[in-house]
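The structure appears below as structure tokens.
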Amino acid sequence: MYCKCAAGSATMEFFVPLIAQCTWFTVLFVHKALQTAQIREINNGLCEKMADDLTLVDPVYYPAAIVKMNRRATGGAGASMSGTDGIAMGGLGGGGIPTTYPYGANVNTPPSAVGADMAEMGGSGFLMHHEKQTIDYDKLSNHHHPFGAGSVTQSVAHAYSQSVNVGPTASFICLAGLLCFIVLPANFRCAVFILTICALGTLFAFWLSRFVLSKDDGSAEMRAVATPIREGAEGFLRVQYSAIAKIAVVLSILITLSYMMRPEGGGGNHGVGKLGNTMLGLLGSISFILGALCSAAAGYLSMWVAAHTNVRVTSAARRSYMQALIVCFNGGAFSAVLDITLCVAGVTCLYLGLYLVFVPAGVLHAGEVPMLMVGYGFGASFVALFMQLGGGIYTKAADVGADLVGKVEQGIPEDDPRNPAVIADLVGDMVGDCVGSSSDVFESVAAEIIGAMILGSTLAKEAGLTDPTPFMFFPLVVHALDIVVSSLGIMYVGSTSQVHAKDPMNVLKGGYYVTATAAAVGFVFTCWLLLSVPDMPQAWLHFAGCGALGMLTSYIFIASTQYYTDYEYYPVRSIAEASTTGHGTNIITGVAVGMKSTAVPSLTVSFSVIAAYHLGRTSGIGIGHNAGLFGTAVATMGMLSSACYVLSMNNYGPIADNAGGIAEMSQQPEFVRESTDRLDAAGNVTKAITKGYSIGSASLACFLLFGAFMDEFSQFSGKPFRVVDIAVPEVLIGGIIGTMMVFYFVGLTVAAVGKTAGEVVKEVRRQFRDNPEIMTFKARPDYRSCVALVTHAALKEMVWPGLLATGLPIVVGVVFRGVGAITDRSLLGAEVLAGYLMFGTVTGIMMALFLDNVGGAWDNAKKYIELGHHGGKNSEAHKAAVTGDTVGDPFKDTAGPALHVVIKLLSTTVLVLGPLFIN
């Protein structure tokens, strides 16, 4: 038997995906080039519309005459505006309108700034030609502000500040990939295709970053707020990465020792056991470190771009709401594309490295290589856990502390510059939502890929296939296509057809539908190409059906999450109504909604797992069971086939939140804050949806990881390991301990937020008490003290929950391995760990669903009241809703997201340290 891409006579058949790859990206580049011309054509109409809108919203700041002068200066339809022209138009604006600002400063806000910034709209394409210009705002007006006083010289990078032509580079990458495809042997063609896509994905991420970073970074006041946010986030990550590195060194040594302690004999001469214990330990440590480094790099880059995007979104909101949306979304998309690209490229390169070392020498077969890669997934999960814990504790402690004193006690608005904890709160958005979510998705995809590769190689061996490469590389090809189809969705969001859209969620949903449709088509084609077996011609249709089940599961999870967390629907409104009768009824109703919200996702996962298992089992490949497990793996791939776009929507949220905070703290006109509030409202929905998507993918991934766990222990022990009897007392004890771990973990994380938030409350109260002039704008708060306090506390408090999640399964496995040695049961340690995994995983899924949904419901119930329902802001119902939101914050943004990682970390920990638990 053989698969299509393995047959020498079918070389042309495998040219199809390479040609498709070139076609996809050609479409992207042509689309963007056409978009450039279209944007230039609509600039006149857009400027007219802006003139009308801004005259209605705030005729003082942006007189229509100024905007229309800018329009005339563009030179008509299709004209490109140079940077110099934009500055010249700014000079037409005059001296500005005096406005009284707090802290006793007299600020002249120049309408001429519109002219300077309008140059940014002159072009939007891959070929960028503009000069960097310098504006001295002092010459335009007396621009003073509590966050930046005196003469400020700003370097404004217009729409495209440097020439960046990625077309030739993309062509070169495609040609190089085609050449390698022709020259290299057939079993390398899948890898060539994947790495070519990853190279193009990196190039697309580079273009997105240039698009965002070339936008102007706002006024001096905006930069004075944005700079401490960026510095605070960078400082926190530096310290956090140092702490994680120390723990990682200890774990890498433990991984090596665990393999060296593996008893000789048994499975020693089977599979990867032929390499010897020392070599296995070293390879496990190396793959662990590689996974940790890639995950950490993805998280840091996500933060870096987000921290530079936030101020640019605020600045863009002064000109056009749609511009702000596109800049905001592209900032999130950059980190999402790079995240998935790093993950896929890292796994592919690790496989190729191990393959070239061991397979040509005849030491291992190609199908045995994935067993050496489990450390990569463990490293990614390990970093993701601490990023979610540290970032989650940071962001929610600062948020809760700022709200309790600022909004509840002092009655000042959210993100008010008088609140000493507001900068720490905005830093938390970066290190919690951006970095944590990027690391979470990275480890989800990495764990799913490696688990599916192990199952694919096992199935190929069982079916007698001469080349297991297509089945092993299937998950990598699917996620490489994810980069392509998500890029289409990202480009759709920036298309000119959406310029006049009012609701940002409609724009983002449109991009998701484009991505999902393209993903479905690509998934079916990939199944036909890689999973077709001549003796079972219908097998690929069974696996395509498994993928469709995964996509359907994804949609149901997203819809269910939105129903229980969006104030457009009954559950959230019932919490808001309950708030009218007091704080207690708000909490009671919220808990009830959260518990009921677990029903639909649980039933959906149950149906998907059993349906995908039987679809795979009846495919005709192998003897049935392994094909069924591979079917569930394919369903997980289907659910994650649009992960890149979903992560883009998630990362959009904290950037929009930061942009609103910068607008509030730099005291921009009301219409700017209204634009950022619209973006932020959509961001709250996308973050809630992403949490549902994440827990859904984790639920499916856990089943395939459990199958990989049993395959690995069979190989290492040399004995079949297919059944776990929960009637055995030790196995039941393992399950009880796994359940307890989930509850205790959640208790530690929530307590950490409460303890740290209490310290923030004390510090904010102290500043208000010791310096009353803060409330009258005569004195500036000490933001640094709150940032330092939260940083220190978050890093301290993240350690114990992290050690519990990673250390307890090791302790359980080692203890019961000893019991097994005494009672002559060589696999008892593995059996007890299987019980630990099953019970802990199921409990973790239920708990995460509850925490995510109840927190989101409480949050949006508060927002629903703030819209004017049930008495509106500062009413008794609002105070009760704020209490519910405060309770829900650590649920939905700390404990819940951390559990997403823990669920998969349970399996990856055992996979990596497996030899430690076998007699």
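Just so you know, we're using the numbering used here here: the sequence shown kicks off at 17 and counts up by one. All residues carry an ideal CB built from backbone N, CA and C; glycine is no exception. Since the structure is predicted, the reported quantities are computational estimates derived from the model, not experimental observations.
Start and end of the alpha helix (DSSP H) containing residue i?
i, result
"residue 813", "799-813"
"residue 868", "844-882"
"residue 737", "Taken as a continuous stretch (DSSP letters only), residue 737 belongs to no alpha helix (DSSP H), as it is neither H nor E."
"residue 589", "586-594"
"residue 610", "599-612"
"residue 441", "438-444"
"residue 793", "Note, residue 793: premise wrong, no alpha helix (DSSP H); not H, not E."
"residue 618", "615-633"
"residue 668", "659-681"
"residue 434", "Here residue 434 belongs to no alpha helix (DSSP H), and DSSP marks it neither H nor E."
"residue 357", "337-374"
"residue 782", "745-786"
"residue 511", "Looking at the DSSP string, residue 511 is not in any alpha helix (DSSP H), and its letter there is neither H nor E."
"residue 892", "892-906"
"residue 918", "912-928"
"residue 213", "205-229"
"residue 191", "183-199"
"residue 202", "Premise fails: residue 202 is in no alpha helix (DSSP H) and is neither H nor E."
"residue 641", "641-655"
Would you check if the distance between the CB atom of residue i and the CB atom of residue j is smaller than 9 angstroms?
i, j, result
"residue 678", "residue 238", "yes"
"residue 488", "residue 560", "no"
"residue 319", "residue 438", "no"
"residue 651", "residue 563", "yes"
"residue 771", "residue 809", "yes"
"residue 455", "residue 301", "no"
"residue 621", "residue 471", "no"
"residue 372", "residue 218", "no"
"residue 220", "residue 315", "no"
"residue 706", "residue 666", "yes"
"residue 227", "residue 664", "no"
"residue 700", "residue 875", "yes"
"residue 393", "residue 466", "yes"
"residue 494", "residue 539", "yes"
"residue 836", "residue 843", "yes"
"residue 433", "residue 683", "yes"
"residue 698", "residue 521", "yes"
"residue 864", "residue 877", "no"
"residue 199", "residue 695", "no"
"residue 925", "residue 397", "yes"
"residue 708", "residue 867", "no"
"residue 449", "residue 901", "no"
"residue 440", "residue 811", "no"
"residue 643", "residue 720", "no"
Would you call residue i buried or exposed, if buried means 16 or more other Cβ atoms sit within 10 Å of its Cβ?
i, result
"residue 662", "buried"
"residue 789", "exposed"
"residue 242", "buried"
"residue 936", "The requested residue 936 is not part of the displayed model; the chain covers only 17 to 935."
"residue 763", "exposed"
"residue 833", "buried"
"residue 729", "buried"
"residue 888", "exposed"
"residue 423", "buried"
"residue 824", "buried"
"residue 40", "Here residue 40 scores only 46 on pLDDT, less than 50, and its place in the model is too uncertain to base an answer on."
"residue 378", "exposed"
"residue 486", "buried"
"residue 258", "exposed"
"residue 792", "exposed"
"residue 580", "buried"
"residue 427", "exposed"
Name the DSSP beta bridge partners of residue i, please?
i, result
"residue 552", "549"
Runs of alpha helix (DSSP H) wholly within the stretch 231-292 (minimum 4 residues, chain order)
As far as the stretch 231-292 is concerned, its whole alpha helix (DSSP H) runs of at least 4 residues are 236-276.
Note down, one range per segment and in chain order, each alpha helix (DSSP H) of at least 4 residues found wholly within the stretch 442-492.
Qualifying alpha helix (DSSP H) stretches, in chain order: 451-479.
Quick check for students: name the residue ranges of the alpha helix (DSSP H) that lie wholly in the stretch 388-426, counting only runs of 4 or more.
Qualifying alpha helix (DSSP H) stretches, in chain order: 390-418.
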